[in-house]
Every structure is written in C-alpha cells, then in structure tokens.
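Scroll down for the structure; my scribbles are underneath it.
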Amino acid sequence: MIEILTPAELARARKSGQFVARVLTTLQERVGVGTNLLDVNDWAAEMIAGAGATSCYLDYAPSFGRGPFGHVICTSVNDAVLHGLPHDYALRDGDLLTLDFAVSLGGLVADAAVSFIVGTPRGQEDRRLIDTTRAALAAGIAAARPGARVGDISHAVGNVLSSAGYSVNTEFGGHGVGSTMHQDPHIPNNGRPGRGYVLQPGLVLAIEPWIMADTANLIMDPDGWTLRSATGARTAHTEHTVAITENGPEILTSIPD
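For the sequence shown, UniProt numbering assigns the number 1 to the initial residue and increments by one for each residue that follows.
Laid out in structure tokens, this is it:
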C-alpha cells in the first residue's frame with residue numbers, strides 16, 4: 001500500500017516527526033556509560049505515554065522476527081545494526097549505539113534512527129561509519145524530489161556508501177510511512193536511477209542508510225530480532241522521515257529548535 005497524504009494529514013505527520021526527533025535527542029543526551037538498554041526503553045515508553053502516542057514496535061510481529069517485539073525502541077550496540085532488542089546490558093565506554101524509534105501520533109507515523117558513540121570514541125573508524133551514513137542520507141534526501149523515482153534515492157544513497165568503500169546490503173532499507181510504519185515503496189540502499197515508483201507530493205518516506213565496516217552479510221541473534229554483522233564488525237544506521245512536497249523534500253524528523 002502507498003499512501004499520499006493530504007495537506008491536513010501532512011500537518012499531523014509533522015507533529016509526529018517533531019516528537020520522534022525530540023525523543024531521540026533527549027535519549028542521546030541522557031544515555032551515558034553505565035546506562036542500561038532496558039532503562040532506555042523505559043524512558044522512551046514514558047515519553048510516548050506522556051505524549052499520547054502509540055509505539056510502532058511494541059506489538060510489531062513481521063515474518064522475519066520472533067514477534068511481537070515487546071519493546072518501544074530498537075537499541076543496537078556495536079556489531080548489531082538493525083532491530084536491536086533491548087536487554088539487560090549496561091553500556092560501556094566506547095560502545096557504538098544506534099537508537100531506532102517510530103511512533104504514531106494523531107494517526108500518522110514518523111520513524112528515525114541515530115548512531116552515536118557512548119563516552120570516549122574508540123577510533124576514527126566509528127566516526128567514519130556514522131558520518132558516511134549521514135552523508136548518504138543527505139544525498140538520498142536531496143534526490144527525493146517530485147517527479148524523481150525511488151531508484152534515484154537508492155542510487156544516491158548507494159553511491160555515497162560504496163564510494164566510501166563499504167559493501168551495501170539491500171535486504172533492508174527505507175520504506176513508505178503513513179498510517180502504518182512499513183509501507184510501499186521499498187527503498188533499497190543501492191539501485192539504478194530512473195527506476196521505480198514516481199515520487200509525488202504527499203508521499204512520506206523513511207530513508208535509512210546503514211552499513212557494516214567490512215561485510216554486507218547479516219546474522220540473526222538467538223533473540224530472533226537483533227541483526228548483526230556476520231564478521232562482528234561495527235555498524236552504523238541513520239534515518240529520517242521525509243515528505244515529498246511541491247518545493248522538494250521536507251525532513252519531518254529534524255531536531256526542533
């Protein structure tokens with residue numbers, strides 16, 4: 001299903017995006033060495049309840065996971081890159097943490113992810129991983145203009161990732177959002193320009209580049225959710241929800257003033 005939002009619906013989606021951005025900003029400021037991943041989940045749950053929002057993850061049970069997810073945020077540490085299931089783990093100095101968060105507020109969904117280093121950076125490679133996903137996201141957003149195609153976004157993202165020397169996995173990528181979290185069109189993190197669905201005003205997309213330092217292969221944790229790099233290499237993941245407008249792309253999950 002592909003939803004095209006009306007101007008009134010897009011106004012509500014902006015509020016969802018602003019809330020997601022505030023939560024991720026607050027959590028990033030609050031997390032430190034010694035923070036337990038279960039506490040991060042609880043903090044996010046408190047903010048969801050306070051806003052009258054609904055978690056997109058709590059009852060999430062897709063075919064690839066051992067559902068329901070049962071938590072309100074994905075917490076992926078070091079070699080974990082996607083769908084990190086919160087568990088009893090105290091963050092250590094130098095851990096690379098990704099928070100992926102999606103809620104429905106006013107009936108419309110926003111979805112975003114941020115990767116950052118907890119405490120003291122371990123080295124330049126972690127920063128390079130994070131910066132590369134951010135640059136790829138910026139390129140993908142710039143390509144998300146009315147009249148362009150999904151393949152143009154995928155190509156822009158993949159060109160940045162591969163030019164930086166990283167292998168690109170296309171099993172999981174961006175997607176449409178609207179009244180539900182995961183909708184068509186699927187947006188692989190690599191592709192051919194000029195192919196796929198034509199972007200039009202009112203379409204809302206979650207664009208999410210992610211990479212692993214030395215592989216494109218994933219393995220599943222015994223928890224049935226957490227996806228890790230097959231080699232144990234570090235990872236990074238950055239995501240924004242973006243609306244296609246007549247004037248170009250609008251980032252709905254940018255950090256509010």
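C-beta atoms are modelled at their ideal positions from N, C-alpha and C, and glycine is treated no differently.
Rounded separation between residue i and residue j - CA only
i: R128; j: G178; result: 32 Å
i: V72; j: A45; result: 6 Å
i: G107; j: E3; result: 13 Å
i: G232; j: P188; result: 23 Å
i: S162; j: I211; result: 10 Å
i: A136; j: G165; result: 13 Å
i: G176; j: A143; result: 15 Å
i: D93; j: D214; result: 22 Å
i: residue 274; j: R134; result: Residue 274 lies beyond the range of the chain shown here (1 to 257); nothing can be said about it.
i: M181; j: T226; result: 18 Å
i: Q28; j: A61; result: 27 Å
i: P185; j: I153; result: 12 Å
i: P222; j: A8; result: 43 Å
i: residue 260; j: S115; result: The question about residue 260 has no answer, for the chain in this structure spans 1 to 257.
i: A206; j: L10; result: 14 Å
i: T35; j: V242; result: 31 Å
i: V23; j: I251; result: 16 Å
i: A102; j: P193; result: 28 Å
i: M220; j: G173; result: 17 Å
i: R30; j: T120; result: 15 Å
i: R12; j: D39; result: 29 Å
i: T132; j: W43; result: 29 Å
i: V77; j: D100; result: 12 Å
i: G123; j: A49; result: 38 Å
Contacting residues, own chain, Cβ-Cβ under 7 Å from residue i (five flanking each side not counted)
i: A216; result: S167, V168 and N169
i: A51; result: F19 and L105
Closer than 9 Å to chain B by CB, residue i
i: L58; result: The question asks about chain B, but that chain is absent: this structure has only one protein chain.
Presumed contact (8 Å Cβ cut-off) between residue i and residue j, rounded CB distance
i: G151; j: G202; result: In fact, because the Cβ distance is near 20 Å, the residues do not count as touching under 8 Å.
i: M47; j: T25; result: At roughly 11 Å, the Cβ-Cβ gap does not stay under 8 Å, so M47 and T25 are not in contact.
i: S104; j: S229; result: S104 to S229, Cβ: 31 Å. No contact.
i: A113; j: E239; result: 4 Å
i: L37; j: T75; result: 5 Å
Own chain partners of residue i with C-beta closer than 8 Å, once the 5 adjacent residues on each side are dropped
i: A139; result: A156, V157, N159 and V160
i: P146; result: L199, Q200, P201, I244, T245, E246 and G248
i: E171; result: L218
i: residue 258; result: Here the chain has residues from 1 to 257 only, and residue 258 is not among them.
i: residue 286; result: For residue 286 there is no data in the structure shown, the boundaries of the chain being 1 and 257.
i: P68; result: L58, D59, Y60 and A61
i: I117; result: G94, D95, L96, L97, D126, R127 and I130
i: N41; result: H71, V72, I73, T75 and P86
i: residue 287; result: With the chain covering 1 to 257 only, the question about residue 287 has no answer from this structure.
Closest by C-alpha distance to residue i, when choosing among the options
i: C56; options: V31, V20 and H87; result: V20
i: A110; options: D214, E29 and V204; result: V204
i: R149; options: Q183, S115 and R195; result: R195
i: Y89; options: S63, T26, S115 and G32; result: G32
i: I141; options: P209, T120 and D100; result: P209
i: S254; options: Q18, L5 and T6; result: Q18
Item to complete: Answer yes if the region 79-87 comes into contact with the region 233-240, meaning at least three C-beta pairs across the two stretches below 8 Å, and no otherwise.
Response: yes
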